[in-house]
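Enquirer: Below you will find the structure I want to go over with you.
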Amino acid sequence: MIIPKRKPNLTDTLCTRCGLCCNGSLFADVELASQDEASTLEIMGLEIEDDDEEGGGLLMQPCRALKRKRCSIYPHRPDCCRTFECRLLQQVNRGVVSVDQAQTKIAQALEEIERAQELIVRLEQSNERLPLKERCAAALDHSENFAADAEINRKRSELQTAMSSVERLIQRTFLGG
Ligand code: SF4
Ligand code: SF4
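By the working numbering, the letter at position 3 of the sequence shown is numbered -6, and the numbering carries on one by one without gaps.
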C-alpha cells in the first residue's frame, strides 16, 4: 500500500525559515491568557513580566524558547502563539500569495533586519536580549553623545534609514495596514 506523503504545512515551510514573530522583530512581548500559562512558561525558563492589565502577564521577546528559527517548546507553546498568524501567512492561506513568494518576502525581511542589526553593532550596542526596535533606540541614544563625530553621525543616519525601511516592510508584510 502506498502511504501518501504528509503535505507540509505552512509552519513547516514558512515559519521555520522565519521566526520573526518570536525573535523580537515584530513584537516586544506577547500577552498570555492566564497566570497558569505564565507560571508554566516561567518554570520552563522563559522571561515573563507582569501585565498592567489583569491578564496573565507578558512573554518577553526575543523569546528564549526560540532556538535558531524553531520553537523549542512547540507542544507547550502558549495560546497566543498557537493562534497567531501574521498577515503573510493569512495571505498564503487565502491563496493571494504563493508559498514561493512568501519565502522570498521572508528572505528579504531577514536580510534587511540582519543589515539593521549589523549597523546597531557598529554603533557598539549589542544587547541581543532586547527586541529589535529597542536595540535600535538604545544604539541611537548611546551614540547621540558622539554625534559630532562625522563617522558616528554617518552610521547613525544609516541605521535610521535601515530601520525605517525595516519597520515599513514589517508593517506591510507581516502586520498589515
Ligand atoms: S512572522 Fe509569520 S511566517 Fe514568520 S514565523 Fe511568524 S507566523 Fe510564521
Ligand atoms: S513560545 Fe515558541 S512560538 Fe511562542 S514566542 Fe516563544 S518561540 Fe515563539
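For glycine and all other residues, C-beta sits at the position ideal for the given N, C-alpha and C.
(1) On the criterion of 16 or more Cβ atoms from any shown chain inside 10 Å, does Gly169 qualify as buried, or is it exposed?
(2) Nearest by alpha-carbon distance to Asp42: which of Ala129, Ile34, Glu109, Met51 is it?
(3) Count the other C-beta atoms from every protein chain shown that fall within 10 angstroms of the C-beta of Thr164, then say buried if there are 16 or more, exposed otherwise.
(4) Compare the C-alpha of Ile111 against each of Cys6, Arg145, Ala139, Ala29 and name the closest.
(5) Straight-line CA distance for Gln26 to Ile104?
(6) For ligand 1, is there a heavy atom less than 6 Å away from the beta-carbon of Cys72?
(7) Count the other CB atoms within 10 Å of the CB of Ala130; is the residue buried (16 or more) or exposed (fewer)?
Expert: On the basis of the data shown:
(1) Here the chain comprises residues numbered -8 to 168, so residue 169 is not present and cannot be evaluated.
(2) Met51
(3) Answer is buried; the Cβ neighbour count reaches 16.
(4) Arg145
(5) 33 Å
(6) No, the Cβ of Cys72 stays beyond 6 Å of every heavy atom of ligand 1.
(7) buried
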